[in-house]
Amino acid sequence: MFDTLVHLLQSQDARFRVIEHPAEGRSDLVAEIRGTAPGQGAKAMLCKSRDASGAGDPQLFLAVLPGDRKLDFKRLAQAVGVRKATLASPEEAQAATGCVMGSVPPFSFNPQVRLVVDPALVERFAEIAFNAGRLDRSIVLDSADYVRIARPALHSLSGDGAD
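Okay, so the sequence shown: first residue is 1 according to full-length UniProt numbering, each after it adds one.
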């Protein structure tokens, strides 16, 4: 995944840098290691639709929000047009993204996974930071380049203030 991301960003002339650091998956601790603000961290969480009837396969969504905020599952469900959304299991996340939890980047390379980003992530800071498919490598990427390359759906996914 790391090599795929670097190749994608280079091929799209993105403004980014790679930071190598001790393995860490918690957004607050990795922000400190990177020297970035917690809100710059792109917290990517694989979520799925949950139908009370249990009929059909769930839809998958990669919800991305600032590292200092909590995901509001009701807002996510509204944004993607499902009745209920929940967090996918670590096994489901790894199967859909190819990454262990905590290292999932804010990009979807799986056509079955819809990318939904809280605009607060890209509006508050000129750069975003994220674990790049590995817990020991981060990428700091220009926010405008991220939106241009990832082409996410932008919807408010968290509360108004930092958590």
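Each residue gets a CB set at the ideal place from its N, CA and C atoms; glycine is no exception.
Can you give me the Cβ contacts of residue i inside the same chain, cut-off strictly under 6 Å, excluding the 5 residues immediately before and after it?
i      : result
Val60  : The residue asked about is misnamed: residue 60 is Leu in this sequence, not Val. Same-chain partners within the cutoff: Lys48, Ala96, Gln112 and Val113.
Arg124 : Gly39
Lys43  : Ser27, Leu65 and Gly67
Val104 : Ala44 and Thr97
Gly161 : With a pLDDT of 49 at Gly161, under the threshold of 50, the modelled position of this residue cannot be trusted; read the value that follows with caution. Nothing meets the Cβ criterion.
Asn110 : Ala96
Leu154 : Val117 and Pro119
Asp145 : Ala14 and Arg15
Would residue i pass as a contact of residue j if the rule is Cβ separation under 7 Å?
i      : j      : result
Leu87  : Leu157 : no
Leu8   : Phe16  : no
Leu115 : Pro152 : yes
Ile139 : Val30  : no
Leu46  : Ala120 : no
Ala129 : Gly41  : yes
Val100 : Val122 : no
In angstroms with no decimal places, state the Cα-to-Cα distance between residue i and residue j.
i           : j      : result
Arg69       : Ser11  : 31 Å
Pro106      : Arg50  : 22 Å
Asp13       : Val80  : 30 Å
residue 186 : Phe2   : Summary: the structure shown does not reach residue 186, with the chain confined to residues 1 through 163, and so no result is reported for it.
Gly102      : Leu76  : 20 Å
Asp142      : Asp118 : 16 Å
Gly159      : Gln78  : 14 Å
Arg83       : Leu71  : 16 Å
Thr4        : Thr36  : 23 Å
Please return the same chain residues whose Cβ sits closer than 8 Å to the Cβ of residue i, not counting the five positions on each side in sequence.
i     : result
Pro22 : Ile33 and Asp136
Beta-carbon within less than 7 Å of residue i's beta-carbon, same chain only, minus the 5 sequence neighbours each way: which residues are those?
i     : result
Phe73 : Ala85 and Thr86
Glu20 : Asp136 and Arg137
By the 10 Å Cβ neighbour count, where 16 or more other Cβ atoms means buried, how is residue i classified, buried or exposed?
i     : result
Ala63 : buried
Practice problem: Taking only runs that begin and end inside the segment 57–112, name each unbroken beta strand (DSSP E) of 3 or more residues, in chain order. | Solution: Correct list: 60–66 and 85–87.
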